[in-house]
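>
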Amino acid sequence: MKKHFTLFAMLFLVATSLIGGLVGRKVSADASQDEKDVLYRKYALVLSTIQKNAADIPNDAELIYNSVREMLRGMDPHSSFFSPKDYKELEEDNSGRYYGLGIRIRALTRGSGRIVIIEPPFPGTPAAKVGLQAGDVIFKVNGESIDDWDTDDVIDHLKGAKGTQVHITVLRPGEADPLEIDVLRDEIPKLTINYSYRIRPAIGYIKIEHFSETTHKELVEAMERLSVDSLEGLIIDLRDNPGGYLTQAIKVSEEFLPQGAPVVTTRGRDSKDEQRYSTRESGNLTVPLVVLINTSSASASEIVAGAIQDNDRGLIVGERSFGKGLVQSVYRLGDGSGLALTTGKYYAPSGRCLQRPYNGSIYDYYNPRLRKAVKVPEDEVKYTLSHRKVYGGGGIQPDVEYKARTLNRFELTLYSKDVFFKFANLAMQGKMASVPKFSEEQKDAARQFEVNDAVLKDFREFLSGMKVNVSEEDFTQNAGFIRRGIKAEIFTRVFGILDGFKIRAEGDDQIAKAEDVIPQARSMLVKTKEILANIKDRKDKGGL
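Using my numbering, the letters of the sequence shown correspond one by one to residues -15 to 528.
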């Protein structure tokens, strides 16, 4: 009982300190300390009443955590509370590393705890050192069956402190008996740039998935691999990038802007809280640049897109971005939980606020299909370096609007049944006569693999066996989609996720559009460099 009371008291102290820090600030101008004390006591009374009288005995931690989440939800859409587990995952994502085996996994079948390794482990990782292979199915961890676990549970058990050991039991295609394997956990990089390559001989492509502590370093390395100065165009893909560290967004922007170029301004509720960020060094000003965004590009990715657009450094292609322009300060609390608190707003170099209005339904705010079109006020029309019009109202409006193609009914059916993944599993086990198993010695031959009529025939029979009913007309009309889906999964299994991604990208209309506008980006770059040269000349002559 004493232990229970101590936990409750500790959680109450955490809660009241949060109220003091969040609500207390809000009421300080019109409420005395006595009035605030009344609020604190009222909150304590509610907690105590729930604890004593609720039909089901509540979990103290969840009770406090949920009340804090609701309190923050009433302030703005992005202030949030993290449980100790969630906060640990946040730190892991932002640090760019974790401790584990170094494997990419997926559930073997939906609803099953068994997981399959989907690509060859990267050389030097713990998984590679013990000989784990793509296609291996893990079905026990430390001797315990994982059939009833979800994928997150499996991941939690595979991760652990550096140098500690985990025992896994593996089913390997072609092996009659399970393999018992001990693996020593080690530090594994958690990359934010997994896809960078030349999509054409002179066109580079880099996808940034989010912004962690290592993103700028990864970008520099990717640009070096691509020999970016020799390119005729570069596509930076920020689609579905939810954001991350402000400092990394600034450094990424700096790689493409001249010295002294404005990147972003943050403004708090006090005018003294304004902070302007500009580039300290000059970046690459030779390669034409196109940036891809969509409705899920948010926060730090919008900062980068806004800086590129307002400085006329490149063309923005895709769909209007999410519109998350709230500065988030993250605080670690004493019990390992965390708090992300909105402390200001982001403004692009032209002066437009990146945050869209959030005074309606929280459901509408997060559902792109239900967002109502907001008419841009006249004072939200701003201008770029070359005096092009750009628009506020929240988010980044692309220079070239190009919506992603909506999947048709047939495509949605195949994705919902996870058929390409399952077909590749069977093919790599040697159960599809039309698809070679591609052993390590056959990797060179795998590069020549194409989805021919024999593979399509096997796939059609596979769909029938899975009771996925498709018409001959649908199958024929979507043959290109089917070929890419099969080949992408096979290449992922044999070579890794980059090679699988390359195949899928061949059917990406937005990437194709980004390629198409590179000549326009080149013309823009020429004009921008002329403007910058004129500005420099005027400065040198004392005119600015």
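Positions of the beta carbon are idealized from the N, C-alpha and C atoms, including for glycine.
So the candidates are A39, N37 and L56; which of them puts its Cα closest to the Cα of L323?
L56
> Where does F306 sit, in a helix, a strand or coil, going by DSSP?
F306: coil per DSSP, three-state reduction.
> Is it right to say H(-12) is buried, meaning 16 or more other beta carbons lie within 10 angstroms of its own, or is it exposed?
In this prediction, H(-12) has a pLDDT of 42, which is less than 50 and means its spatial position is unreliable; nothing more can be read from the coordinates.
> Helix, strand or coil for I101 per DSSP?
strand
> Using DSSP with H/G/I as helix, E/B as strand and the rest coil, what is V452?
coil
> In or out: T460 buried (at least 16 other Cβ within 10 Å) or exposed?
exposed
> Buried or exposed for R393, going by 16 or more other Cβ atoms inside 10 Å?
exposed
> Classify V11 as buried or exposed, calling it buried when 16 or more other Cβ atoms lie within 10 Å of its own Cβ.
Unreliable positioning characterises V11 in this predicted model, as indicated by a pLDDT of 37, which lies under 50. The coordinate reading is nonetheless provided below. It counts as exposed.
> Among residues of its own chain, excluding the 5 on either side of Y315, which ones have a beta-carbon nearer than 7 Å to its beta-carbon?
G322, L323 and L325
> Around the Cβ of K191, are there at least 16 other Cβ atoms within 10 angstroms (buried) or fewer (exposed)?
buried
> With DSSP run on the structure shown, which of helix, strand or coil describes Q149?
strand
> Please report how far the alpha carbon of V114 lies from the alpha carbon of V275, in whole angstroms.
41 Å
> Is the CB-CB distance between T263 and S237 below 8 Å?
yes
> Return the CA-CA distance between T109 and I187, expressed in angstroms with no decimal places.
31 Å
> What residue does the alpha helix (DSSP H) around Y27 start on, and which one ends it?
Q17 to N37
> Out of E364, E445 and A45, point me to the one whose CA is closest to G335's CA.
When each option's Cα is compared against that of G335, the closest is E364.
> Among the residues of its own chain, which have a CB less than 6 Å from the CB of I219, if the five just before and after it don't count?
Y189, V274 and A498
> Hey, out of G376, V501, R431 and G469, whose CA is closest to G290's CA?
G376
> Pick from V121, E171 and D137: whose alpha carbon is nearest that of A145?
E171
> For the structure I just gave you, are there three or more beta carbon pairs, one from the segment 63 to 80 and one from the segment 376 to 392, closer than 8 Å?
Not touching, per the Cβ criterion.
> What does the alpha-carbon distance come out to for the pair D348 and Y331?
Distance between the alpha carbons of D348 and Y331: 23 Å.
> Grab me the residues of M412's own chain with a C-beta within less than 7 Å of its C-beta, minus the 5 sequence neighbours each way, in chain order.
G119, P157, K421 and R477
> Span of the alpha helix (DSSP H) holding A45?
D44 to R57
> Indicate whether the contact test is met: 3 or more Cβ pairs, each with one atom in the segment 438 to 447 and one in the segment 397 to 413, closer than 8 Å.
yes
> Are L175 and E202 close, meaning C-beta to C-beta below 8 Å?
yes
> If you drop the 5 nearest sequence neighbours on each side, which residues of the same chain put their C-beta closer than 8 Å to that of N436?
S418
> Relative to the C-alpha of A429, which residue among F479, M508 and L299 is closest?
F479
> Can you tell me whether DSSP reads I219 as helix, strand or coil?
strand
> Tell me which residues share the same chain as A517 and place their Cβ nearer than 6 Å to its Cβ, disregarding the 5 neighbours each side in the sequence.
none
> Short of 6 Å in beta carbon distance, which residues of its chain neighbour A233, apart from the five on each side in sequence? Order them along the chain.
F195, A284, I287 and V288
> I think Y229 touches R169, with their Cβ atoms under 8 Å apart; what is that distance to the nearest whole Å?
At roughly 26 Å, the Cβ-Cβ gap does not stay under 8 Å, so Y229 and R169 are not in contact.
> What span of residues does the alpha helix (DSSP H) with S507 cover, start to end?
I502 to D524
> Between which two residues does the alpha helix (DSSP H) containing F233 stretch?
According to the sequence shown, residue 233 is Ala rather than Phe. Here the alpha helix (DSSP H) through A233 covers L230 to E238.
> Can you say whether G318 is buried or exposed, counting buried as having 16 or more other CB atoms within 10 angstroms of its CB?
The residue in question, G318, is exposed, as its Cβ has fewer than 16 Cβ neighbours within 10 Å.
> Can you tell me whether H194 is helix, strand or coil according to DSSP?
In this structure, H194 counts as coil in the three-state DSSP scheme.
> DSSP three-state label for T263, please.
Coil, per DSSP.
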